[in-house]
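Step one of this worksheet: look at the structure below.
Chains as they are written, first to last, in the numbering used here: chain U, 1 to 521; chain C, 522 to 714.
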C-alpha cells in the first residue's frame, strides 16, 4: 500500500511539471570571488546569468578567505556592520555591470559571529571549542564556516523566546541598506545540516556534515524565531522582498524540513526598525509555525549519496528529480505557502563528485547542461549554479563548461519546456521556442569518463538538424538518426505546414428564415 | 396512395421549405472547414480570437487535437471573432493558419413573448411583451407578424400595436452591431373586429 501511495504521488508530480514558458530569471549562478567579473563563458560571451545568490562569496580567497559577505564577515563586533565588500558585490558588480542587463539577487543569512554566541570569550579549546585551538566548534568539523558560525545567537532561548536583538538589528540594517536591490532573503544556508545549524543528536535528524554530538543546541524553535523576525522586518522595510525557506538538502524534506514546518513557538511582539529608529511596522505576539516564516520553499536540489540513484555521490545530474519529488511531497503534506513556487538556490557538483565525474570537460559540460534542463522542465522558479567560478576544480568562467551553460540557457530561456521523459536510457524533453518545435535528448547509458561514448538513436524523419553544447549545428541522418551520448543535444524538426483556406459558416436564423454567412480565405 | 416521382419531389421541396422557414434553433454555431496540412499530421487545433479591427489574442477551443478538417464552435457569445487553425504532429504544432476574420455572432433572441388585447370601438390594441437576453448590447427590436416586419424600435421589452381582424402569428427579434437575432417564440391570436 505504501508503494502504491508513492506511485500515485509521483504520477501527480509528473502532472504538476507540465509545459510552461521558462523565464530567463530561472537561470542564475553564485559567484565566489571578486576577480571573476565580468562573468564570461569560454567564447568570451557574457554569461547567460539572470539571477544570483550571495553565499560563500569573498573578495579574495588566497591564502585565506577575506572580504566575506556573511553575517560574521560583515559584523565582526557588536557595532555597525561594515558594508564595503557587500556594497562592491551588489552595487558595483551585480547591479553596476550585470552580464545580461539585470540580475535578481538573493542574500543568504548565516554564519553567526562569535561575539553574538554563548561561546564568546570561552577558552579554545574548552567546552565550547572542544577541538584543537582555532579549529572551530566541535573539533573543527561541525561549523562549516567560522568557529561559532553554526551556533545560535545567545539572545534567543531554546524555545524561541528572547529578544533576538543581535540578528534582528543586523538583518534590519542590511535590508534597509539594500531595499529594492536584493529581491530574496534566505534564512540560513542548509540549516538541516550540522555544518550550519542542525543539532546532532537532537530529536530531529540532521542532513549531511559529520556526526559530532557536541553540545550544539541551535534548535528548530530558535530558527523559527529568527526567520519570523526576518520575515516581518523584510516585509516592513522592503515590501517587495520575499523570504525563502531554509534551504533543504536532498533527503531532508520529509524529516528535518517537515519538523521545521510544523514546529511552533510563542513569538513575542516585535517592531521593525534600523539603529533603534522604528520603521512604522510592528507585529503582535502570536503562535507561529515554521511554515509561516517564509514566502517560498527553497531547496538545494542536487543528488545525495544516501538517496538513489546517486549512490556514490552527486555525480548524476538527473538526480535533481529526487530532491524535487521529495519537496513537492512535503509541500503537499504540510500545505506549505505558494506551492507552485520552488526555488533551488544552490545546485551543482561538489568537490567529492569530481572523482566520479572525471577530468573530461565534456562530462562537466553535460552535467551543467542537464541541471539547467531539469530546472526548466520541472518548473523551478530559480536555479543558482554553485558556483560560476567554482571552488570545486571545474568552473564555468572562461571555460567550455561556461559555454555549454550559455548554449543551454539559450535553448531554454523564453521557451516552453515540457516534461522530460525517459524511454529506455534516453531522456527526451519537448521544447517550443519562437514557434519552432524542438527536442532535447541525451542517453544516460553513455559516458564522458574518461572519454565520451555515443550510440545511434532515431528520432524520426520530422527532425532535420541538431545543435550540440558548443553551439555547432549538424544535420541528422536518415529518418532522424543522430549519434547520441552523455551530452544533451537540441534537435529541431521541420516546420509543420499550417492548414489553409479556412471557411466559416455561421448557422443562425432571423425572423424570415435561416441565414448563413460564409466567409473564407 | 402511391406517389409518382414528380409528386415525391414536390413533397420533398415542401418539407425542405418548411425546414428552411423554421431554421436551426438558437444557439448559433460556427462551422469552420479548411484544407488539410500538406505534411504528416496527427490532428488539428482550432483557435478563436476577438475581432475589432484586427484579430486579438487567440485561445484554443478544443481540449485535444481533432482529426478531420471541420470544426464546429458551438454557442459562441455575441461578438465578432477570428478563427485560425494549426496542424499537430505528436507534441509538435504548426503556426496559426491565415485566419478567417470578422465572423459576427448576433445577439440571442428575446424570450417569453406574450400578447394581450385591449378592446377599442373599431379595433383592438395588442400589447406584446418579452424578455431581453441579459448581457447583450442591442440596437433595437423588431416585431414580425404573419411573415412581415411590423415595427422596429429602440431596445425595449414592450410594444403596442393596433391589429386588424383575423388570425395573427407574431414573433420578435433583437438586433445589434453583429446583426439580427433569430426569432423569439411565436404567439398566435385572433382579432375579431
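No residue lacks a Cβ here, since even glycine has one placed at the ideal position from N, Cα and C.
What you are looking at is a predicted structure, and each value in this text was computed from that prediction instead of being measured.
Quick one: Cα of residue i to Cα of residue j, how far?
{"i": "residue 427 (chain U)", "j": "residue 380 (chain U)", "result": "19 Å"}
{"i": "residue 417 (chain U)", "j": "residue 425 (chain U)", "result": "20 Å"}
{"i": "residue 249 (chain U)", "j": "residue 549 (chain C)", "result": "57 Å"}
{"i": "residue 241 (chain U)", "j": "residue 232 (chain U)", "result": "11 Å"}
{"i": "residue 711 (chain C)", "j": "residue 588 (chain C)", "result": "53 Å"}
{"i": "residue 246 (chain U)", "j": "residue 358 (chain U)", "result": "32 Å"}
{"i": "residue 120 (chain U)", "j": "residue 114 (chain U)", "result": "6 Å"}
{"i": "residue 212 (chain U)", "j": "residue 193 (chain U)", "result": "In this predicted model, residue 212 (chain U) has a pLDDT of only 38, less than 50, meaning its place in the structure is not dependable; the value taken from the coordinates is given anyway. One C-alpha to the other measures close to 11 Å."}
{"i": "residue 263 (chain U)", "j": "residue 229 (chain U)", "result": "16 Å"}
{"i": "residue 140 (chain U)", "j": "residue 122 (chain U)", "result": "In this predicted model, residue 140 (chain U) has a pLDDT of only 42, less than 50, meaning its place in the structure is not dependable enough to derive any value."}
{"i": "residue 499 (chain U)", "j": "residue 646 (chain C)", "result": "57 Å"}
{"i": "residue 87 (chain U)", "j": "residue 104 (chain U)", "result": "16 Å"}
{"i": "residue 129 (chain U)", "j": "residue 223 (chain U)", "result": "22 Å"}
{"i": "residue 703 (chain C)", "j": "residue 695 (chain C)", "result": "8 Å"}
{"i": "residue 227 (chain U)", "j": "residue 74 (chain U)", "result": "19 Å"}
{"i": "residue 590 (chain C)", "j": "residue 659 (chain C)", "result": "34 Å"}
{"i": "residue 497 (chain U)", "j": "residue 435 (chain U)", "result": "12 Å"}
{"i": "residue 408 (chain U)", "j": "residue 333 (chain U)", "result": "34 Å"}
{"i": "residue 84 (chain U)", "j": "residue 355 (chain U)", "result": "38 Å"}
{"i": "residue 214 (chain U)", "j": "residue 151 (chain U)", "result": "Because residue 214 (chain U) carries a pLDDT of 41, less than 50, the predicted location of this residue cannot be relied on, and the following value inherits that uncertainty. In a straight line, the C-alpha of residue 214 (chain U) is about 12 Å away from that of residue 151 (chain U)."}
{"i": "residue 107 (chain U)", "j": "residue 448 (chain U)", "result": "35 Å"}
{"i": "residue 314 (chain U)", "j": "residue 583 (chain C)", "result": "44 Å"}
{"i": "residue 102 (chain U)", "j": "residue 654 (chain C)", "result": "52 Å"}
{"i": "residue 72 (chain U)", "j": "residue 178 (chain U)", "result": "18 Å"}
{"i": "residue 174 (chain U)", "j": "residue 51 (chain U)", "result": "19 Å"}
{"i": "residue 662 (chain C)", "j": "residue 562 (chain C)", "result": "47 Å"}
{"i": "residue 125 (chain U)", "j": "residue 385 (chain U)", "result": "37 Å"}
{"i": "residue 534 (chain C)", "j": "residue 597 (chain C)", "result": "With a pLDDT of 31 at residue 534 (chain C), under the threshold of 50, the modelled position of this residue cannot be trusted, and the question is left open."}
{"i": "residue 78 (chain U)", "j": "residue 277 (chain U)", "result": "17 Å"}
{"i": "residue 270 (chain U)", "j": "residue 165 (chain U)", "result": "10 Å"}
{"i": "residue 59 (chain U)", "j": "residue 36 (chain U)", "result": "10 Å"}
Just verifying my parser: in three-state terms, what is the DSSP assignment at residue i?
{"i": "residue 292 (chain U)", "result": "helix"}
{"i": "residue 119 (chain U)", "result": "coil"}
{"i": "residue 367 (chain U)", "result": "helix"}
{"i": "residue 350 (chain U)", "result": "coil"}
{"i": "residue 160 (chain U)", "result": "coil"}
{"i": "residue 343 (chain U)", "result": "strand"}
{"i": "residue 271 (chain U)", "result": "strand"}
{"i": "residue 287 (chain U)", "result": "strand"}
{"i": "residue 430 (chain U)", "result": "strand"}
{"i": "residue 324 (chain U)", "result": "helix"}
{"i": "residue 266 (chain U)", "result": "strand"}
{"i": "residue 361 (chain U)", "result": "helix"}
{"i": "residue 488 (chain U)", "result": "coil"}
{"i": "residue 280 (chain U)", "result": "strand"}
{"i": "residue 49 (chain U)", "result": "coil"}
{"i": "residue 224 (chain U)", "result": "helix"}
{"i": "residue 562 (chain C)", "result": "coil"}
{"i": "residue 257 (chain U)", "result": "helix"}
{"i": "residue 405 (chain U)", "result": "helix"}
{"i": "residue 76 (chain U)", "result": "coil"}
{"i": "residue 687 (chain C)", "result": "strand"}
Can the beta-carbon of residue i be found closer than 8 Å to that of residue j?
{"i": "residue 701 (chain C)", "j": "residue 627 (chain C)", "result": "yes"}
{"i": "residue 93 (chain U)", "j": "residue 159 (chain U)", "result": "no"}
{"i": "residue 707 (chain C)", "j": "residue 651 (chain C)", "result": "no"}
{"i": "residue 40 (chain U)", "j": "residue 100 (chain U)", "result": "no"}
{"i": "residue 377 (chain U)", "j": "residue 404 (chain U)", "result": "no"}
{"i": "residue 53 (chain U)", "j": "residue 346 (chain U)", "result": "yes"}
{"i": "residue 476 (chain U)", "j": "residue 463 (chain U)", "result": "yes"}
{"i": "residue 295 (chain U)", "j": "residue 337 (chain U)", "result": "yes"}
{"i": "residue 649 (chain C)", "j": "residue 693 (chain C)", "result": "yes"}
{"i": "residue 454 (chain U)", "j": "residue 401 (chain U)", "result": "no"}
I want to check one thing, is the minimum distance from the CB of residue i to the heavy atoms of the ligand SAH below 7 Å?
{"i": "residue 466 (chain U)", "result": "Ligands are entirely absent from the displayed structure, and the ligand SAH is therefore not among its contents."}
Original post:
Which whole runs of the beta strand (DSSP E) in the region 628-684 of chain C are 3 residues long or more, in chain order?
Top reply: List check, beta strand (DSSP E) in window: 632-640, 645-652, 661-666, 669-674 and 679-684.
**OP:** Count the CB pairs spanning the region 553-571 of chain C and the region 605-624 of chain C that are closer than 8 Å, and state whether there are at least three.
**Re:** In this structure the region 553-571 of chain C touches the region 605-624 of chain C; the number of beta carbon pairs closer than 8 Å is three or more.
Original post:
With a cut-off of 8 Å, do at least 3 Cβ pairs link the region 311-327 of chain U to the region 284-296 of chain U?
Top reply: Counting C-beta pairs with one atom in each stretch, the region 311-327 of chain U and the region 284-296 of chain U have fewer than three that are closer than 8 Å, which means they do not touch.
Original post:
Mind pulling the alpha helix (DSSP H) runs of 4 or more residues that sit fully within the region 571-624 of chain C?
Top reply: DSSP runs (the alpha helix (DSSP H)) wholly in the region 571-624 of chain C: none.
Subject >> Given 8 Å, three or more beta-carbon pairs between the region 34-47 of chain U and the region 433-447 of chain U >> reply: The region 34-47 of chain U vs the region 433-447 of chain U: no contact.
Original post:
For the region 16-35 of chain U against the region 385-398 of chain U, are there 3 or more C-beta pairs whose distance is under 8 Å?
Top reply: Yes: at least three Cβ pairs fall under 8 Å.
Subject >> contact_flag[the region 677-690 of chain C, the region 661-668 of chain C] where n(CB pairs < 8 Å) is 3 or more >> reply: Touching, yes, given that three or more Cβ pairs across the two stretches are closer than 8 Å.
Original post:
Is it a yes or a no for the region 460-472 of chain U touching the region 486-506 of chain U, going by three-plus beta-carbon pairs under 8 Å?
Top reply: Short answer: they touch.
Subject >> Entirely enclosed beta strand (DSSP E) segments - the region 407-465 of chain U, minimum 3 residues >> reply: As far as the region 407-465 of chain U is concerned, its whole beta strand (DSSP E) runs of at least 3 residues are 421-423, 426-433, 436-443 and 454-458.
**OP:** May I ask you to verify whether the region 597-607 of chain C touches the region 570-588 of chain C, counting CB pairs closer than 8 Å and requiring at least 3?
**Re:** Contact holds between the region 597-607 of chain C and the region 570-588 of chain C, because three or more Cβ pairs, one in each stretch, are under 8 Å apart.
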